[in-house]
Structures are given as structure tokens and as C-alpha cells.
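A.B. asks:
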Ligand code: SF4
């Protein structure tokens, strides 16, 4: 299962929070998205992958465990 993270390249465009609202949220103070929930099954992981692909600046990455 993948563990997703958002790095400082985030431009707060909200693409990931729209694509995967249960998993990505916006920290309005920091101006960065963050992962509020990690996926726990394949269908959730697919949603998070779609958020990763939607990110215009490749600020979302993952590690696999
Ligand atoms: S899609 Fe990328 S740039 Fe946009 S808010 Fe999410 S992490 Fe940030």
C-alpha cells in the first residue's frame, strides 16, 4: 500500500483536494495541501493516484510498503 506525501512545491491549486477530498486537504495557514487520510485499500489508493496525476507541479509523491 502506498503512503502519500505533499512537498513544499505545492502551489495550493486544490486539484488534489477536489480529486480526492477524503484524502487530501488544504492547510490554509501554510498554503499547502496535506494528506489527511492515507488509503487503506486498492480503491482508495486508486483515488489517491488520481490526485497525484492531477497535481500540476508534481508535489505529491509516495512510498510503497
Ligand atoms: S494538486 Fe498539487 S499543487 Fe495542487 S494543491 Fe494538491 S499538492 Fe498542491
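Residue numbers (my numbering): 112 to 176. Even for Gly, the Cβ is constructed at its ideal location relative to N, Cα and C. None of these values were measured; they are calculated from a predicted model.
From which residue to which residue does the alpha helix (DSSP H) around residue 164 run?
C.D. replies: Its alpha helix (DSSP H) spans residues 153-165.
A.B. asks: The ligand SF4 and residue 159: does any heavy atom of the ligand fall closer than 6 Å to the residue's C-beta?
C.D. replies: No - the ligand SF4 has no heavy atom lying nearer than 6 Å to the Cβ of residue 159.
A.B. asks: Residue 127 and residue 144: beta carbons closer than 7 Å?
C.D. replies: Closer than 7 Å, so yes.
A.B. asks: Determine the extent of the alpha helix (DSSP H) in which residue 130 is found, giving its start and end residues.
C.D. replies: It spans 126-130 - the alpha helix (DSSP H) in which residue 130 sits, taken as one unbroken run.
A.B. asks: Does the ligand SF4 have a heavy atom nearer than 6 Å to the CB of residue 129?
C.D. replies: No, the ligand SF4 has no heavy atom inside 6 Å of this Cβ.
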